[in-house]
Every structure is written in C-alpha cells, then in structure tokens.
Amino acid sequence: MLKLLIGSALIALACPAVALAANPTSATLTINGSVSQACSLGSVTGSSTFAVTTGGSGLIDTATGLLGSNPQTDGNRTITGSWCNTKSTISVAAAPMVAQNFAGTPPSTFSKAVNYTASVSGWAASAATSVTGGDASGAGSSTNVAQTQTSPQAGDITVALSNFATGGGASNRLVADPSYQGSITVTLAVAP
Amino acid sequence: MAPVPHLFAACIAGLMVQGVGASACAAAPVVLTAQGQTPKLCTLGEPQVNQGGATNLGAVTGASVDIAQLAEPTTLRTKATAFDINFDAVCNYVHKVTISSDNGGLFRATLGSPRPGFANGVPYQATVDWADEETVMLAPAASVGQTSQTLTVGNPAAGTLTVKFRIDAGASNGAANTPLMAGPYRDTLRVTLGPQ
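Listed in order, the protein sequences are those of chains R and E. When you number the first sequence by this note's numbering, it's gap-free, plus one each residue, and the end is 613. When you number the second sequence by this note's numbering, it's gap-free, plus one each residue, and the end is 215.
Listed below in structure tokens is the structure:
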C-alpha cells in the first residue's frame, strides 16, 4: 500500500487590514505534496530452497562419479507482492553450490563446486541473470546482468536456476558431501 | 502469519515546499538457496593385465591369470614372475584399499606334506599402487590361510589402481631353490575399496 507523504505545506495568508468596505476579497493557498520514490520486494511463495537433483544419485552419476545427467531444480520460485512506484532496476547475484563439509582444496581431478545460471523474470522486459564462475574450489566471480523497468511496476517475480556444470571442468568428479549449497540474492532498487 | 514484505523505508528528502529530491534506494534483498548432495562412492573396474611388461606370464582369461611356467623345467626351481594388473578406480571420499590373499601363497592344489627334498608352496608379493602411495602384501606360503594388507587414503582419488605381482626366482616354502612338486598351484587375490 502506498503511503502519501505530504511535505509541510506552506500556507500564506494575506492579512490585510480588515476591510470594512463591502467589496469581496479572496485569498490564494498553494498546497504542495510529494511522493518519495520507493521499492518493495515481496515474499517467496513456498520454500526458499531449491532442491537440485540429477538423473543419477543426488548430484552424481554413480557409474562415473561425474555430475549426473539433466541436473535440475524442483521448480521455479515466485516472489509475490513486489512494487516500485518509479523506474527501477532488478538484479540477481548467485554463488556456486559448494560442498559445505569438505575442508580445503579438492585433489586434482575433483571438484567441490557446481556452477549454474540464475534468471529473474517477470519484472523487466528481459530477465536479469547471474552466471556463477567458480573453479574446483568454488572460487571465482559471477557474471551478473541487471535489467531496468522504466515504468512503475507491481507484480510477481519468477526465479529459475539452470545450466548446472561442475566447477573447474566437466571432467572433474564431485567430492562426496551431504550438503552442497549456493545462494541466490535478488535485489530491487529505484533506478537513477 | 502474513508474509512480511521486504520494504525499505521510502526515500525521503525531508520536508520540502515543492517538488522532491530523492536518492536511489533499494528494497531489502530476497535470498534463496540452491541445495544438493553427493553420496559417497567407490568404483573399481575390471582387472586389466599389462601383458607388455610382464615376465613369465601365460594366458589371461577375464580375471584368471596363468603363470607360463611356475618352475624351471630342468631344475624345478621356481621361475621369476612379474606382471601388473590395472584397475580403473574412483573413490570420492577418504577411504582405504585392502588387498587380500585367500591362501597366503601359491599352494599346490593337492596339499599334504611335501615329499622330502621338495616344496609345495610358492611365496609372492603383491604391491598395491594407488593415489601416489604404495603398500606391499607378503604371501609367504608358510601355511595355508588368509593374509591381507591395507592402505588408508586421506583424500578422494581417481585413476588407475595397480597391483604388482612378483615371484622371486627360486622362492619356495622350503629352502631357497627347492624343487617344486608337480601339479597345479593356485591363490586368489581380492582388492577392495571402501570406507576407512
């Protein structure tokens, strides 16, 4: 719900000497108000955790130890109830899925990281994206592309994950770990 | 409980008479998580005997390896034998490799006490080479019984696991160079990858 903020109004009254004449008089008032630029990012419907699985066991093909076939999530996520009352920028920053219990650098031919692409759609004409760029240890920066919505906007935002790939190269095997985790941060801001 | 919207306090420039000056501002971000798991896994492929560099190697049929001539034909002393067996192997967690011998040496199939002046068992060594480490199992053929050797590996590993099988010339369960009794001699080697 938008809140209207009314700046203080300066009311000027002309205070002439009381006219005892019968002529009508009038006074002019100017009322000023302003609405600040604002954005509100809503709430995730359902779980905020994407479960990532493959055609194998968990993340791997048990015949080879490599990333399993057709890695995918358990579905997209929707952020409902977002709005901006002015031009806005939507962006997403994702971090690779990294084994949480494996300390140190994995041995040669192994990896403890899985990269992926996060896409945020439904707000601007094109999706904002973040492509993670982790090496076998998960180190490395992501490539983020933000999008601008030029008009005030209200509605739902969809977050989807895709293009999963082993950090450091597809020929690396993943180290065993019960928990690989990566974060996806969605940001909505007033555009300058 | 109704969801709490991630509302940042609207951009306010304070009290103003006309118009508004506002700085760009952002709503509190929404953070999601991608979650997955990788199970523990060890795989061991079929044995592949490296025939090119072998000494005294006979036929190889699947997982059965023949020694060409266990004894010299004229002296009946044990002939030197050497061959490597390779396995494609992977373990994605800290693990151990165990090599074991069912008999503890190559023993004549029909046992009993050897005839005086003869031997009926041949000792050998089997070395496991894996993940840049080695361990040696001795099968001394002293008495029939299982023996084993374990190598602990503190990291995931993938590549070729090699078992190096060696028999020294003249080795026997008697004195060195004791002639061997006639007949088939056999042992079974087992290689296991698994948790520590």
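Yeah, the Cβ is synthetic: ideal placement off N, Cα and C, and Gly gets one too.
Practice problem: With E:Tyr-112 as the anchor, note down where its beta strand (DSSP E) starts and where it stops. | Solution: For E:Tyr-112, there is no enclosing beta strand (DSSP E), since its DSSP letter is neither H nor E.
Exercise. With DSSP collapsed to three states, give me the class of R:Gly-477.
Key: coil
Quiz item: Would you say the stretch 541-549 of chain R touches the stretch 566-582 of chain R, given that touching needs at least three Cβ pairs under 8 Å?
Solution: They touch, by the three-pair rule.
Quiz item: Are the beta-carbon atoms belonging to R:Gly-479 and E:Gln-88 less than 8 Å from one another?
Solution: No. Outside cutoff.
Quiz item: In three-state terms, what does DSSP make of E:Gly-140?
Solution: Secondary structure of E:Gly-140 (DSSP, three-state): strand.
Quiz item: Any idea which residues DSSP pairs R:Trp-544 with across the strands?
Solution: The partner list for R:Trp-544 (beta bridge, DSSP) is empty, contrary to what the question assumes.
Exercise. Taking E:Ile-118 and E:Ala-145 to be in contact with their CB atoms under 8 Å, please state how far apart those CB atoms are, rounded to whole angstroms.
Key: 6 Å
Exercise. Mind reading off the beta-carbon distance from E:Ile-186 to E:Val-155? Whole number of angstroms is fine, and I expect it under 8 Å.
Key: The Cβ separation is near 14 Å, so there is no contact.
Self-check item: Neighbourhood of E:His-114 by C-beta distance below 7 Å, restricted to the same chain and skipping five residues each side
Solution: Its chain contains Cys-61, Val-172, Leu-212, Gly-213, Pro-214 and Gln-215 as the residues whose beta carbon lies nearer than 7 Å to that of E:His-114, once the 5 sequence neighbours on both sides are disregarded; these appear in chain order.
Quiz item: If the cut is a Cβ gap below 9 Å, which residues of chain E does R:Pro-527 touch?
Solution: Asn-174 and Pro-175
Quiz item: Where DSSP assigns a beta bridge to E:Lys-13, which residues make up the other side?
Solution: As displayed, chain E neither begins before 20 nor continues past 215, which places residue 13 of chain E out of reach and without an answer.
Quiz item: Helix or strand or just coil, what does DSSP make of R:Gln-602?
Solution: strand
Quiz item: Relative to the alpha-carbon of R:Ala-484, which residue among E:Pro-48, E:Pro-58 and E:Tyr-204 has its alpha-carbon at the smallest distance?
Solution: When only C-alpha atoms are compared, the closest one is E:Pro-58.
Quiz item: To which residues of the same chain is R:Ser-551 closer than 6 Å at the C-beta, ignoring the five residues directly before and after it?
Solution: Only Val-513, Ala-514, Ala-515, Ala-539, Ser-563 and Asn-565 meet the Cβ criterion.
Self-check item: Close beta carbons around R:Gly-588, own chain, < 7 Å, minus the five adjacent residues each side
Solution: Pro-517, Ser-532, Ala-534, Val-535, Asn-536, Gly-555, Asp-556, Ala-557 and Gly-559
Quiz item: Would you say R:Asp-598 faces chain E, with C-beta separation under 8 Å as the test?
Solution: yes
Exercise. Could you check the C-alpha separation between E:Asp-206 and R:Asn-593 for me, to the nearest Å?
Key: Their backbone Cα atoms lie some 37 Å apart in a straight line.
Quiz item: For E:Thr-94, is the classification buried or exposed, using 16 other Cβ atoms within 10 angstroms of its Cβ as the cut-off for buried?
Solution: exposed
Practice problem: Out of E:Pro-175, E:Val-210, E:Lys-183 and E:Thr-197, state which residue places its alpha-carbon closest to the alpha-carbon of E:Val-109. | Solution: E:Pro-175
Exercise. Would you verify that the beta carbon of E:Lys-59 is, or is not, closer than 8 Å to some beta carbon of chain R?
Key: yes
Practice problem: Please check the pair E:Gly-123 and E:Ala-158, which I expect to be a contact at CB under 8 Å, by giving their CB distance rounded to whole angstroms. | Solution: 5 Å
Quiz item: Quick one: Cα of E:Gly-72 to Cα of E:Asp-103, how far?
Solution: 8 Å
Exercise. Would you mind telling me which residues of chain R sit closer than 9 Å to E:Ala-108, beta carbon to beta carbon, in chain order?
Key: Near E:Ala-108 there are no residues of chain R at all, since even the closest Cβ is about 10 Å away, more than 9 Å.
Self-check item: Pairwise C-alpha distance: R:Ala-472 and R:Cys-460
Solution: 29 Å
Quiz item: Just checking my contact of E:Ala-177 with R:Thr-507 at CB under 8 Å: how many whole Å lie between their CB atoms?
Solution: About 55 Å; that fails the 8 Å criterion.
Quiz item: Hey, does R:Thr-483 have any beta-carbon neighbour from chain E nearer than 8 Å?
Solution: yes
Self-check item: Close beta carbons around R:Ala-612, own chain, < 6 Å, minus the five adjacent residues each side
Solution: Lys-508, Ser-509, Thr-510 and Thr-569
Quiz item: Of all the CB atoms in chain E, is at least one closer than 8 Å to the CB of R:Asn-532?
Solution: The sequence given here places Ser at residue 532 of chain R; Asn does not occur at that position. Taking Cβ atoms only, chain E never reaches closer than 8 Å to R:Ser-532, which makes this a no.
Quiz item: What is the C-beta distance between R:Val-607 and R:Val-519, in whole angstroms, given that I count them as a contact (C-beta under 8 Å)?
Solution: Contact flag wrong, Cβ pair sits at about 20 Å.
Exercise. Enumerate in chain order the residues of its own chain whose CB-to-CB distance from R:Gln-521 is below 6 Å, with the five nearest sequence positions on each side excluded.
Key: Ser-600 and Gln-602.
Quiz item: Quick one, are the C-beta atoms of R:Leu-462 and E:Ala-53 less than 8 Å apart?
Solution: no
Quiz item: Since R:Gln-570 meets chain E, which of its residues come closer than 7 Å, beta carbon to beta carbon?
Solution: Near R:Gln-570 there are no residues of chain E at all, since even the closest Cβ is about 13 Å away, more than 7 Å.
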